[in-house]
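**Student:** Got a structure for you, questions after.
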């Protein structure tokens with residue numbers, strides 16, 4: 001059972017659409033990170049460095065492969081962290097949902113009927129040929 005109100009990026013129902021969206025947003029985040037870093041290096045407003053960044057990216061594809069490699073490594077690492085965090089959030093939400101469900105089942109004296117039933121000894125049933 002999938003928990004309610006959980007913003008998930010990686011679970012059994014993870015669709016290609018969500019994955020494509022996550023990849024696009026992750027790419028945009030890394031671009032912004034690189035633009036901010038460039039602005040810091042140039043001591044200028046980040047808005048003013050946007051054209052310089054994209055010029056640098058275009059040139060880097062052919063002239064500076066190590067820059068593109070670093071960019072792609074950062075992007076891959078970021079996407080991995082996003083997926084790991086999503087999986088951790090899903091796991092936490094699933095545990096919380098299971099605990100809420102268990103709390104709702106509690107009977108008199110705080111006993112869980114499912115746990116009580118599972119703890120009962122197994123009784124073998126015999127059939128007779130009378």
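Residue numbers (the UniProt record's numbering): 1 to 130.
Beta carbons are placed, not taken as given, at the ideal position from N, Cα and C, and that holds for glycine.
Quick one: grab the DSSP three-state call for residue 110.
**Tutor:** Against the chain shown, residue 110 aligns to sequence position 110. DSSP places residue 110 in the helix class (H, G or I) of the three-state scheme.
**Student:** Label residue 49 either buried or exposed according to how many other C-beta atoms from any shown protein chain fall within 10 Å of its C-beta, with 16 as the threshold for buried.
**Tutor:** Here residue 49 refers to the residue found at position 49 of the chain shown. The residue is buried, with at least 16 neighbouring Cβ atoms inside 10 Å.
**Student:** Is any beta-carbon of chain B found at less than 8 Å from that of residue 35?
**Tutor:** Going by chain labels, chain B is absent from the structure shown, which holds only one protein chain.
**Student:** Would you tell me roughly how many angstroms separate the C-alpha atoms of residue 51 and residue 93, rounded to the nearest one?
**Tutor:** Locating residue 51 in the chain shown gives position 51, counting from the first residue. Locating residue 93 in the chain shown gives position 93, counting from the first residue. Each residue's alpha carbon lies about 42 Å from the other.
**Student:** DSSP on residue 64, reduced to helix/strand/coil?
**Tutor:** The sequence position of residue 64 within the chain shown is 64, counting from 1. In the structure shown, the three-state DSSP call for residue 64 is coil.
**Student:** Could you check the C-alpha separation between residue 102 and residue 115 for me, to the nearest Å?
**Tutor:** Within the chain shown, the letter at position 102 stands for residue 102. Within the chain shown, the letter at position 115 stands for residue 115. If I take the Cα positions, the gap works out to 9 Å.
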